[in-house]
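Chains A and B supply the protein sequences, listed in that same order.
For the first sequence, the numbering used here puts the final residue at 272, and the numbers step up evenly by one.
For the second sequence, the numbering used here puts the final residue at 544, and the numbers step up evenly by one.
Where a beta carbon is used, it is the ideal one built from N, C-alpha and C, also for glycine.
Protein chains: 2
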Amino acid sequence: MRRNMTIAPHPLDEAIRLTPIDTNRFAGHTSPAYWGQVAPFGGVTAATILNAALLRPERLGDPLTLTVNYAGPIRPGPFEVETRLMRTNRSTQHWAVQLVQGEAREVMISAIVVFAVRRPTWSRTEARMPDVPAAAACPTAPRGRDMAWLERYDLRPVRGRLMQPNPDSITHGWIADHPARALDFPALASICDAFFPRLFLLRPTPTPIGTVSLNVYFHVDSATLALQGSAPVLGVAEGQVYNAGFFDQHGQLWGEGGVLLATTHQIVWYKE
Amino acid sequence: MRRNMTIAPHPLDEAIRLTPIDTNRFAGHTSPAYWGQVAPFGGVTAATILNAALLRPERLGDPLTLTVNYAGPIRPGPFEVETRLMRTNRSTQHWAVQLVQGEAREVMISAIVVFAVRRPTWSRTEARMPDVPAAAACPTAPRGRDMAWLERYDLRPVRGRLMQPNPDSITHGWIADHPARALDFPALASICDAFFPRLFLLRPTPTPIGTVSLNVYFHVDSATLALQGSAPVLGVAEGQVYNAGFFDQHGQLWGEGGVLLATTHQIVWYKE
Numbered sequence: 001m002r003r004n005m006t007i008a009p010h011p012l013d014e015a016i017r018l019t020p021i022d023t024n025r026f027a028g029h030t031s032p033a034y035w036g037q038v039a040p041f042g043g044v045t046a047a048t049i050l051n052a053a054l055l056r057p058e059r060l061g062d063p064l065t066l067t068v069n070y071a072g073p074i075r076p077g078p079f080e081v082e083t084r085l086m087r088t089n090r091s092t093q094h095w096a097v098q099l100v101q102g103e104a105r106e107v108m109i110s111a112i113v114v115f116a117v118r119r120p121t122w123s124r125t126e127a128r129m130p131d132v133p134a135a136a137a138c139p140t141a142p143r144g145r146d147m148a149w150l151e152r153y154d155l156r157p158v159r160g161r162l163m164q165p166n167p168d169s170i171t172h173g174w175i176a177d178h179p180a181r182a183l184d185f186p187a188l189a190s191i192c193d194a195f196f197p198r199l200f201l202l203r204p205t206p207t208p209i210g211t212v213s214l215n216v217y218f219h220v221d222s223a224t225l226a227l228q229g230s231a232p233v234l235g236v237a238e239g240q241v242y243n244a245g246f247f248d249q250h251g252q253l254w255g256e257g258g259v260l261l262a263t264t265h266q267i268v269w270y271k272e
Numbered sequence: 273m274r275r276n277m278t279i280a281p282h283p284l285d286e287a288i289r290l291t292p293i294d295t296n297r298f299a300g301h302t303s304p305a306y307w308g309q310v311a312p313f314g315g316v317t318a319a320t321i322l323n324a325a326l327l328r329p330e331r332l333g334d335p336l337t338l339t340v341n342y343a344g345p346i347r348p349g350p351f352e353v354e355t356r357l358m359r360t361n362r363s364t365q366h367w368a369v370q371l372v373q374g375e376a377r378e379v380m381i382s383a384i385v386v387f388a389v390r391r392p393t394w395s396r397t398e399a400r401m402p403d404v405p406a407a408a409a410c411p412t413a414p415r416g417r418d419m420a421w422l423e424r425y426d427l428r429p430v431r432g433r434l435m436q437p438n439p440d441s442i443t444h445g446w447i448a449d450h451p452a453r454a455l456d457f458p459a460l461a462s463i464c465d466a467f468f469p470r471l472f473l474l475r476p477t478p479t480p481i482g483t484v485s486l487n488v489y490f491h492v493d494s495a496t497l498a499l500q501g502s503a504p505v506l507g508v509a510e511g512q513v514y515n516a517g518f519f520d521q522h523g524q525l526w527g528e529g530g531v532l533l534a535t536t537h538q539i540v541w542y543k544e
């Protein structure tokens, strides 16, 4: 589209942009557009990690798994992403990725990424997409003013009320990049961290929290993902246990035509 | 107990035994007692990875997360486990761990482990343990003869029939080390990989499969885990999607008194 040729790049593309330093290393910079409470939104950091591996020319196939461990709070400013190819097989390829900052090369993120070549097989989606109204019929939630990254998503909650007591932590809601952007693997990885923290659905009390580890399984190849365009995805999420300072949550991201694009899990530290 | 002082060590302890080489490296050896189809049982490999980090004196608190990526099939014989401390915070500690083999130090396993100090907080278990008969009332399944590791577990299926068509992939079943052994974090990690592959519950057709990535979230500290003793745990597992060569599965491991000890996820390659 002509219009896209003249406007500024999407803020997500700016936020995850990396410049090669040498074969293994890339330079990046935090983006105010995706800032969180004390560090960048974890989703955009996951997208940056994935982007680094995607930029390596040796990359095999499409992303299959992404595990991002948040070791320390990334400071505003420049950072480096180091990628290390551990092994390439016929169908899978394993990478170790780190994000470091400062003279001391302090490790802020420790991650592993697996790429895979998909082949036609017997296939079935066992999980069921919830029966919800179309995104167009659901009002957009007022955007959060306390964290910049909340303005980068169009969130349309369907089930579950944030910071109010709920009978359970299950939520259904439509989500899309704002402004709209065609969905790709980095954008999908980022959305995997955009679920409301489950703790705040069960106990509506503000308390410090922070994701310790985020895990994403991608279930489609890039050709299938491209069919999604910029249509919103349906997010489904739930927690299982909140115990002694850590809770978990798992989620599904459903695309057009009821395709399960990704499943995700994370474990989150909370204070009290 | 005097008796334990004179008998041979438990086969799990033999299988995960590591000898320090230097500060970061340990020497180990594959165990015929936990051999699988073409490589060691993935659970015992996960337990070995965790054991390496547990053996490091700098270790902080108890295991919180374990992500094990199976990069290549471990060959029978010796291996080395390399541990690297990435970062220590007040409540969490991040490690990178690799298992390598041979002169070329070929990477067979790439893993990350997080330890954490737990503190008393508001806590709740949202997931519900299924209402099933006590383990003592459930017959032990005949042990598999085709893979040694299947003889290392006492499996008591309650719901779901392997290699028969089922309406869904949900299984409930009791599991314990065989012979009995007090449950600790390595044993719990190993059990996280002992669920039947979900594919074989939906499609009872033998086909080559292999775990690509296993993720474990531990939800209790070592004092709570110690209360379990050698009692069986209840495993609950389900798959979500089987597509183009890869399927996922997630599971829960419930301990005595309905305590959710761990949750686990994995993504598995399958051939056709």
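At a cut-off of 7 Å between C-beta atoms, A/HIS94 counts as an interface residue with respect to chain B. Under DSSP, B/LEU525 takes part in a beta bridge, and its partners are B/GLY507, B/ALA534. Closest in C-alpha terms to B/ASP294, from the list B/PHE313, B/GLU286, B/THR355, comes B/THR355. The residue among B/GLU378, B/SER395, B/PRO437 with its C-alpha nearest the C-alpha of A/LEU199 is B/SER395. In this structure the region 409-426 of chain B does not touch the region 101-118 of chain A; the number of beta carbon pairs closer than 8 Å is below three. In the structure shown, the three-state DSSP call for A/ASN69 is strand. For A/HIS219, the closest alpha carbon among the candidates A/PRO167, A/PHE196, A/VAL233, A/LEU253 is that of A/LEU253. A/VAL100 is outside the set of residues whose beta carbon lies under 7 Å from a beta carbon in chain B. Comparing C-alpha distances from B/ILE463 to each of B/VAL404, B/SER382, B/ILE384, B/HIS537 shows the shortest one belongs to B/HIS537. For B/ASP285, the three-state secondary structure derived from DSSP is helix. DSSP places A/GLU151 in the helix class (H, G or I) of the three-state scheme. Rounded to whole angstroms, the separation of the alpha carbons of A/ALA39 and A/PRO32 is 10 Å. In this structure, B/VAL316 is the residue among B/GLU286, B/GLN309, B/VAL316, B/PRO329 with its C-alpha nearest to the C-alpha of B/ALA466. Here the alpha carbons of B/LEU326 and B/ARG400 stand approximately 30 Å from one another. Here A/LEU99 is near A/MET108, since their CB atoms are less than 7 Å apart. Here the region 483-502 of chain B lies against the region 527-537 of chain B, with 3 or more beta-carbon pairs under 8 Å apart. A direct Cα-to-Cα measurement between B/PRO402 and B/PHE387 gives close to 29 Å. Identification of chain B residues near A/LEU188 by a Cβ-Cβ cut-off of 7 Å yields none; the smallest Cβ-Cβ distance measures about 15 Å. Distance from the CA of A/LEU202 to the CA of A/PRO167, rounded to the nearest whole angstrom, comes to 7 Å. Among the residues of the region 245-257 of chain A, those with a Cβ less than 8 Å away from any Cβ of chain B are GLY245, PHE246, ASP248, HIS250, GLN252, in the order of the chain. Note that the C-beta distance between B/PHE519 and B/GLY507 is not below 7 Å.
Within the DSSP secondary-structure output, B/TYR306 pairs in no beta bridge. For A/HIS265, the nearest CB of chain B lies under 7 Å from its own CB, placing it at the interface with that chain. Going by DSSP, A/ALA127 is part of no beta strand (DSSP E) at all; its letter is neither H nor E. At a cut-off of 7 Å, the C-beta of B/MET358 has a neighbouring C-beta in chain A. In the three-state reduction of the DSSP assignment, B/SER485 falls in the strand class.
For B/ILE447, no Cβ of chain A is located within less than 7 Å of the residue's own Cβ. Interface annotation, B/ASN341: in contact with chain A, CB-CB separation under 7 Å. For A/PRO186, there is no enclosing beta strand (DSSP E); the residue is part of the alpha helix (DSSP H) that begins and ends at 185-191. Taking a 10 Å sphere around the C-beta of B/GLY344, we find 16 or more other C-beta atoms and assign the residue as buried. If you draw a straight line from the Cα of B/ILE481 to the Cα of B/VAL540, it is about 7 Å long. For A/THR19 against A/ALA8, the beta-carbon gap comes to about 18 Å, at or over 8 Å, which does not count as contact.
Sixteen is the threshold: when 16 or more other Cβ atoms of the shown chains lie within 10 Å of the Cβ of A/GLY251, as they do, the residue is buried. Assignment of beta strand (DSSP E) within the region 310-360 of chain B, counting only whole runs of 3 or more residues, yields 334-342, 350-360 in chain order. Residue burial is scored here from C-beta neighbours: A/SER230 has fewer than 16 other C-beta atoms within 10 angstroms and is therefore classed as exposed.
Between B/THR483 and chain A, the shortest Cβ-Cβ separation is not below 7 Å.
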